[in-house]
Amino acid sequence: MLDSLSNAGNVLLMLFGFGLLIAVHELGHFLAARWAGIRVHAFAIGFGQAIVSWRKGLGFRRGSSHAEYESILRKAGPDAETSSITASVSPTEYRLNWFPFGGYVKMLGQEDADPGAVSDAPDSYTSKPVWKRMIVISGGVFMNLVLAGALFIAAFLVGMKELPAAVGAVLAGSAAERAGVRAGDQIIAVDGEPVNEFKDLALATAMAGRGTPVTLTVRREGEDAPLELKATPEPGENGLLQLGVAPAPGARLAEVSSDQEEQDLFAQALRAAGLSASVPGGSELVRVNRVPVEPRTTPSGAGFSTAFALSAAIRSSEGHPVEAVFRDRAGREHGVEVMPRPEMESGEALVGSERTAFEHLLGLTPVMAVGGLQAPGRDAGLRVGDIFARIGSVEWPSVPAGMAEVRANKGKTLRIAVLRDGAIVELDAPVSRDGRIGFFVGTSAARGALLARAPEPLAPEGSDAAPAPLPASRLAPGVLPGSRLMTVGGRAVDSLHGARGAFLDATRAARDAGAGAEVVISLALPLSDGAGEERTLSLAAGEVRALHALGWDAGPVLALFGDATILVKATNPLSAVAMGVRKTHYVMTMTYLTLLRLVQGSVPAQQLSGPVGITHIGSRVADQGLVYLVFFLGLLSANLAVVNFLPVPVVDGGHMVFLAIEGLTGKPVSIAVQNAATLVGLVLIGMMFVFVTYNDVVRLFG
Numbered sequence: 002m003l004d005s006l007s008n009a010g011n012v013l014l015m016l017f018g019f020g021l022l023i024a025v026h027e028l029g030h031f032l033a034a035r036w037a038g039i040r041v042h043a044f045a046i047g048f049g050q051a052i053v054s055w056r057k058g059l060g061f062r063r064g065s066s067h068a069e070y071e072s073i074l075r076k077a078g079p080d081a082e083t084s085s086i087t088a089s090v091s092p093t094e095y096r097l098n099w100f101p102f103g104g105y106v107k108m109l110g111q112e113d114a115d116p117g118a119v120s121d122a123p124d125s126y127t128s129k130p131v132w133k134r135m136i137v138i139s140g141g142v143f144m145n146l147v148l149a150g151a152l153f154i155a156a157f158l159v160g161m162k163e164l165p166a167a168v169g170a171v172l173a174g175s176a177a178e179r180a181g182v183r184a185g186d187q188i189i190a191v192d193g194e195p196v197n198e199f200k201d202l203a204l205a206t207a208m209a210g211r212g213t214p215v216t217l218t219v220r221r222e223g224e225d226a227p228l229e230l231k232a233t234p235e236p237g238e239n240g241l242l243q244l245g246v247a248p249a250p251g252a253r254l255a256e257v258s259s260d261q262e263e264q265d266l267f268a269q270a271l272r273a274a275g276l277s278a279s280v281p282g283g284s285e286l287v288r289v290n291r292v293p294v295e296p297r298t299t300p301s302g303a304g305f306s307t308a309f310a311l312s313a314a315i316r317s318s319e320g321h322p323v324e325a326v327f328r329d330r331a332g333r334e335h336g337v338e339v340m341p342r343p344e345m346e347s348g349e350a351l352v353g354s355e356r357t358a359f360e361h362l363l364g365l366t367p368v369m370a371v372g373g374l375q376a377p378g379r380d381a382g383l384r385v386g387d388i389f390a391r392i393g394s395v396e397w398p399s400v401p402a403g404m405a406e407v408r409a410n411k412g413k414t415l416r417i418a419v420l421r422d423g424a425i426v427e428l429d430a431p432v433s434r435d436g437r438i439g440f441f442v443g444t445s446a447a448r449g450a451l452l453a454r455a456p457e458p459l460a461p462e463g464s465d466a467a468p469a470p471l472p473a474s475r476l477a478p479g480v481l482p483g484s485r486l487m488t489v490g491g492r493a494v495d496s497l498h499g500a501r502g503a504f505l506d507a508t509r510a511a512r513d514a515g516a517g518a519e520v521v522i523s524l525a526l527p528l529s530d531g532a533g534e535e536r537t538l539s540l541a542a543g544e545v546r547a548l549h550a551l552g553w554d555a556g557p558v559l560a561l562f563g564d565a566t567i568l569v570k571a572t573n574p575l576s577a578v579a580m581g582v583r584k585t586h587y588v589m590t591m592t593y594l595t596l597l598r599l600v601q602g603s604v605p606a607q608q609l610s611g612p613v614g615i616t617h618i619g620s621r622v623a624d625q626g627l628v629y630l631v632f633f634l635g636l637l638s639a640n641l642a643v644v645n646f647l648p649v650p651v652v653d654g655g656h657m658v659f660l661a662i663e664g665l666t667g668k669p670v671s672i673a674v675q676n677a678a679t680l681v682g683l684v685l686i687g688m689m690f691v692f693v694t695y696n697d698v699v700r701l702f703g
């Protein structure tokens with residue numbers, strides 16, 4: 002109930018903000034018209050019938066006062082213009098109309114939808130010189146730019162938290178990976194233009210021309226000077242060009258609310274990551290192996306800290322425990338030991354139409370398990386650590402196979418069996434309409450040597466080559482789901498993680514010789530008495546090299562940290578003004594560039610938003626705080642200025658084109674041409690409105 006009220010309040014805030022942008026835009030036209038001596042009949046916010054209006058001399062009225070004013074003029078007779086009755090009543094009606102997305106100023110001798118509505122009166126729009134009419138037409142755009150700057154200045158004075166342009170992860174097969182970008186890199190410039198925030202990096206990438214490489218200036222730990230890398234952005238799932246990088250984790254653990262379920266989930270995640278459940282949420286990583294965590298800075302000087310010191314220590318640990326010290330909000334320090342996790346090989350398989358990652362060791366694939374629980378999964382009887390013996394019709398599933406079976410049973414109750422404390426437990430688990438039971442996916446790799454049937458691997462994204470078969474697919478007979486890996490090279494193993502060390506020992510001589518290897522393994526078949534059957538796993542030289550290239554990773558540790566953030570804030574009012582002016586110019590430039598990329602096709606038209614989408618986005622932005630809504634309205638105001646000044650009939654830019662022609666030729670564009678252009682403009686705007694509204698509805702309701 003409270004969430005619904007909050008959402009409704011945010012929507013109302015956004016509608017008010019949008020109305021403010023329109024009011025300021027029309028105020029620009031209105032003030033310019035009054036300065037030019039033009040009679041203004043209406044100053045309106047919104048379109049359609051008036052909800053309420055005000056007119057000097059008449060006061061407030063429910064609906065429009067136009068009929069009442071016309072009646073006064075008729076009573077005054079032919080001398081209405083000089084009558085004392087009409088002198089006390091203003092010709093200008095200020096009105097709020099029922100449809101808030103828009104507005105207009107109605108002047109004598111000028112109507113957007115009727116170019117023929119001209120007047121010879123001395124105080125009409127058409128009687129004024131071209132230069133004055135140009136000022137009137139551009140008044141709205143000018144005021145929107147002033148408002149955008151003012152909103153940006155206000156936002157920068159208060160300050161906002163943003164994500165720095167630091168790389169937390171690099172997508173396999175992405176443009177960033179091919180360019181040599183690594184997790185932990187900080188991108189400080191794109192094509193020589195400094196970038197401070199992650200969204201600026203994403204925008205600069207999205208605005209690159211299709212097939213055009215960009216130069217990334219990268220700051221990397223251990224390098225004395227910045228590196229320059231060339232990357233060619235590629236379309237992502239949303240059609241926008243992207244590098245394929247994710248934001249960096251900060252040095253502070255995620256905040257946890259007082260909700261008991263959220264606290265339980267956080268405690269589960271801490272234990273799964275090898276940390277003590279006593280470390281409070283929001284604690285900051287301050288030392289790793291007794292070395293203080295050093296902050297980084299953006300090109301603008303904003304500081305931030307990341308958890309990369311911890312992940313770097315884990316990668317270089319050779320499996321030894323890593324000491325980490327956290328400081329909670331009260332200043333108390335908590336020392337913990339983090340156990341590195343052996344890095345597994347990774348692949349991707351299809352789950353429906355989505356690429357889903359899975360881990361394996363030379364094709365030996367662990368069984369899906371319960372890594373963490375949400376309320377629905379707990380209610381179904383699942384426990385953290387359960388290993389799935391069966392999901393529906395799939396026995397001992399891998400992660401892709403298990404996820405596919407769950408999603409294939411949306412809205413149904415699925416019969417499942419889990420291995421728990423050495424016994425099989427049968428459960429009935431309801432599946433939600435979006436294909437979830439209510440657990441976080443884990444695997445059996447650390448807790449046992451149970452094996453699933455290996456998924457069919459996919460080739461790297463963007464590659465036309467056939468996917469390379471996994472080494473274990475060459476075993477004859479193949480691995481039956483539920484088999485247990487017993488020995489590797491004559492050495493007993495009790496988990497797939499532990500098996501990695503045995504494989505390394507068994508292939509070390511082959512690695513040194515640059516040759517392939519044959520490793521004897523034994524597998525206990527499902528339901529067997531524990532005796533293993535020996536098989537020979539043949540490995541090519543490249544597969545041996547890949548095995549020995551595996552290191553140690555942090556596993557789920559980094560997922561416990563919130564995103565790294567920087568504070569974007571002006572140091573004084575003058576600095577805020579400078580930042581506001583720069584941001585207004587930047588947004589205008591990016592808006593024009595976006596329109597160019599739309600025409601060129603590198604930005605899909607489906608990315609456009611209309612009133613519904615803008616309101617939805619704005620209400621979500623308002624959830625972050627009022628300052629973020631103020632900043633968002635600044636973006637909209639600058640965008641409104643640009644879009645309104647495009648050379649399209651009906652909008653301000655179209656009128657400016659007609660005025661420029663009149664100024665150059667000495668005579669106005671013919672009414673017939675203006676009427677035809679206006680009709681085309683109305684059709685274009687109508688079609689665009691329908692298109693963007695359709696986009697918004699599809700995005701919101703799928």
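Okay, so the sequence shown: first residue is 2 according to this note's numbering, each after it adds one.
Heads up, the beta-carbon is just placed ideally off N, CA and C, and yes, glycines get one too.
Since we're looking at a predicted model, the values are computed, not measured.
Query - Whether glutamate 163 touches valine 569 by CB criterion (7 Å) - result: Residue numbering aside, residue 163 sits at position 162 when the sequence shown is read from its first letter. Residue numbering aside, residue 569 sits at position 568 when the sequence shown is read from its first letter. Yes, they are a contact pair.
Query raised in the report: Under the rule that 16 or more other beta-carbon atoms within 10 Å means buried, what is arginine 220, buried or exposed?
Result: To locate residue 220, count along the sequence shown from 1; it is residue 219. Buried is the call here.
Requested in this report: Have a look at Leu204, Ile136 and Gly581 and flag the residue whose alpha-carbon is nearest the alpha-carbon of arginine 598.
Outcome: Sequence index remark: in the sequence shown, residue 598 carries index 597 (1-based). For arginine 598, the nearest C-alpha among the options comes from Leu204.
Query raised in the report: Whose CA, out of Leu74, Gly38, Leu97 and Arg501, lies closest to the CA of glycine 64?
Result: The residue given as residue 64 occupies position 63 in the sequence shown. The option with the nearest alpha carbon to glycine 64 is Leu97.
Query - Simplified DSSP assignment, three categories, for leucine 3 - result: Here residue 3 refers to the residue found at position 2 when the sequence shown is read from its first residue. Note that leucine 3 has pLDDT 40, beneath the 50 cutoff, so the model's placement of it is unreliable and the number below is only indicative. Helix at leucine 3.
Query raised in the report: Do you know how far the Cα of alanine 469 is from the Cα of alanine 173?
Result: Looking up residue 173 in the sequence shown gives position 172. Looking up residue 469 in the sequence shown gives position 468. So the two alpha carbons sit approximately 15 Å from each other.
Query raised in the report: Which parts of the stretch 225-261 are runs of the beta strand (DSSP E), unbroken and 3 residues or longer, counting only runs that do not cross its ends?
Result: 228-232, 246-248 and 250-254
Requested in this report: List in chain order: all unbroken beta strand (DSSP E) runs of 3+ residues lying wholly within the stretch 24-68.
Outcome: 41-56 and 60-63
Requested in this report: Report, in whole angstroms, the separation of the C-beta atoms of alanine 177 and alanine 232, which I expect to be a contact under 8 Å.
Outcome: For this step, residue 177 is matched to residue 176 along the sequence shown. For this step, residue 232 is matched to residue 231 along the sequence shown. Between alanine 232 and alanine 177 the Cβ distance is about 6 Å, and since that is below 8 Å, they are a contact.
Query raised in the report: Can you round the beta-carbon distance between glycine 443 and alanine 255 to whole angstroms, since I take them to be within the 8 Å contact cut?
Result: Taking the first residue of the sequence shown as position 1, residue 443 is located at position 442. Taking the first residue of the sequence shown as position 1, residue 255 is located at position 254. That belief does not hold up - the Cβ atoms of glycine 443 and alanine 255 are roughly 19 Å apart, past 8 Å.
**Report entry** Enclosing alpha helix (DSSP H) for aspartate 564 [first to last residue]
**Finding:** The residue given as residue 564 occupies position 563 in the sequence shown. Segment 562-564 is the beta strand (DSSP E) holding aspartate 564; no alpha helix (DSSP H) there.
Report task. Reducing DSSP to helix, strand and coil, say where glutamate 295 ends up. Result -> Along the sequence shown, read from residue 1 onward, the residue named residue 295 stands at position 294. Coil at glutamate 295, not helix or strand.
Query raised in the report: Taking C-alpha atoms, which residue in Leu524, Ala514, Asp513 and Arg475 lies nearest to valine 494?
Result: Translated into positions along the sequence shown, residue 494 becomes position 493. Comparing Cα-Cα distances from valine 494 to each of Leu524, Ala514, Asp513 and Arg475, the minimum goes to Leu524.
Query raised in the report: Should tyrosine 629 go down as buried or exposed, given a rule of 16 or more other Cβ atoms within 10 Å for buried?
Result: On the sequence shown, position 628 is the one that residue 629 refers to. Buried: at least 16 other Cβ atoms inside 10 Å.
**Report entry** Whole-angstrom distance between arginine 492 and leucine 476, CA atom to CA atom
**Finding:** Residue 476 sits at position 475 when you count from the first residue of the sequence shown. Residue 492 sits at position 491 when you count from the first residue of the sequence shown. Cα to Cα, leucine 476 sits roughly 19 Å from arginine 492.
**Report entry** Classification of tryptophan 397 by the beta-carbon crowding that lies within 10 angstroms, buried from 16 upward
**Finding:** As a position in the sequence shown, residue 397 is number 396, starting the count at 1. Classification of tryptophan 397: buried, given that the 10 Å Cβ count is 16 or more.
Query raised in the report: What residues in its chain sit with their C-beta under 8 Å from that of arginine 356, if we drop five residues either side in the sequence?
Result: The residue you call residue 356 lines up with position 355 of the sequence shown. Cβ neighbours of arginine 356 beyond the five flanking positions: Glu349, Ala350, Leu459 and Glu462.
Query raised in the report: glutamate 535 bridges to which residues according to DSSP?
Result: Counting from one through the sequence shown, the residue named residue 535 turns up at place 534. In the DSSP output, where bridge partners are listed per residue, glutamate 535 has Ser523.
Query - Close Cβ partners of threonine 592 (< 8 Å) along its chain, the five nearest in sequence each way excluded - result: As a first step, residue 592 must be located in the sequence shown, where it is residue number 591. These residues qualify, in order along the chain: Ala639, Asn640, Val643 and Val644.
Report task. Following the continuous alpha helix (DSSP H) through threonine 592, name the residue where it begins and the one where it ends. Result -> The sequence position of residue 592 within the sequence shown is 591, counting from 1. It spans 574-601 - the alpha helix (DSSP H) in which threonine 592 sits, taken as one unbroken run.
Query - CA-to-CA distance, valine 352 to alanine 405, given in whole angstroms - result: The sequence position of residue 405 within the sequence shown is 404, counting from 1. The sequence position of residue 352 within the sequence shown is 351, counting from 1. In a straight line, the C-alpha of alanine 405 is about 5 Å away from that of valine 352.
Requested in this report: Return helix, strand or coil for valine 280, following the three-state DSSP convention.
Outcome: The residue you call residue 280 lines up with position 279 of the sequence shown. Correct three-state label for valine 280: coil.
Requested in this report: Per DSSP, which residues does serine 347 bridge with? Please list them.
Outcome: Numbered from 1 along the sequence shown, position 346 holds the residue referred to as residue 347. Paired residues: Glu360.
Query raised in the report: Excluding five sequence neighbours on each side, which residues of the same chain lie with their C-beta closer than 6 Å to the C-beta of arginine 583?
Result: Position 582 of the sequence shown, counted from the start, is the residue given in the question as residue 583. Correct list: empty, nothing qualifies.
**Report entry** Spatially closest choice to glycine 210 from Ala184, Leu242, Asp513 and Gly181, by CA coordinates
**Finding:** Taking the sequence shown and counting its residues from 1, one reaches residue 210 at position 209. Ranking the options by Cα distance to glycine 210, first place goes to Leu242.
Report task. State buried or exposed for serine 306, treating a residue as buried only when at least 16 other CB atoms are found within 10 Å of its CB. Result -> Position 305 of the sequence shown, counting from 1, holds the residue named residue 306. With 16 or more other Cβ atoms within 10 Å, it is buried.
Requested in this report: Report yes if the C-beta of glycine 403 is less than 6 Å from at least one heavy atom of the ligand PLP; otherwise report no.
Outcome: With respect to small molecules bound, the structure shown includes none, and the ligand PLP cannot be examined in it.
Report task. Grab me the residues of glutamate 229's own chain with a C-beta within less than 8 Å of its C-beta, minus the 5 sequence neighbours each way, in chain order. Result -> On the sequence shown, position 228 is the one that residue 229 refers to. Cβ within range, chain order: Thr216, Leu217, Thr218 and Val219.
Query raised in the report: histidine 361 and alanine 446: beta carbons closer than 7 Å?
Result: Taking the first residue of the sequence shown as position 1, residue 361 is located at position 360. Taking the first residue of the sequence shown as position 1, residue 446 is located at position 445. Not in contact: histidine 361 and alanine 446 (Cβ atoms no closer than 7 Å).
Query raised in the report: Which of the three DSSP states, helix, strand or coil, is assigned to threonine 444?
Result: In the sequence shown, residue 444 corresponds to position 443, counting from 1. Strand.
**Report entry** Sheet register partners of glutamine 375 (DSSP bridge)
**Finding:** Numbered from its first residue, the sequence shown carries residue 375 at position 374. For glutamine 375, which the question treats as bridged, DSSP gives no partner whatsoever.
Requested in this report: Check the C-beta distance from glutamate 27 over to valine 106 and give it rounded, since I have them as a contact under 8 Å.
Outcome: Here residue 27 refers to the residue found at position 26 of the sequence shown. Here residue 106 refers to the residue found at position 105 of the sequence shown. Between valine 106 and glutamate 27 the Cβ distance is about 5 Å, and since that is below 8 Å, they are a contact.
Report task. May I ask you to verify whether the stretch 291-304 touches the stretch 542-549, counting CB pairs closer than 8 Å and requiring at least 3? Result -> no
Query - valine 658: first and last residue of the uninterrupted alpha helix (DSSP H) it sits in - result: Taking the sequence shown and counting its residues from 1, one reaches residue 658 at position 657. Where valine 658 is concerned, the enclosing alpha helix (DSSP H) stretches over 653-666.
Query - Proximity of alanine 623 and asparagine 11 at Cβ, strictly below 7 Å - result: Here residue 623 refers to the residue found at position 622 when the sequence shown is read from its first residue. Here residue 11 refers to the residue found at position 10 when the sequence shown is read from its first residue. Cβ distance < 7 Å, so alanine 623 and asparagine 11 count as in contact.
**Report entry** Boundaries (first-last residue) of the beta strand (DSSP E) holding isoleucine 392
**Finding:** Position 391 of the sequence shown holds residue 392. Where isoleucine 392 is concerned, the enclosing beta strand (DSSP E) stretches over 388-392.
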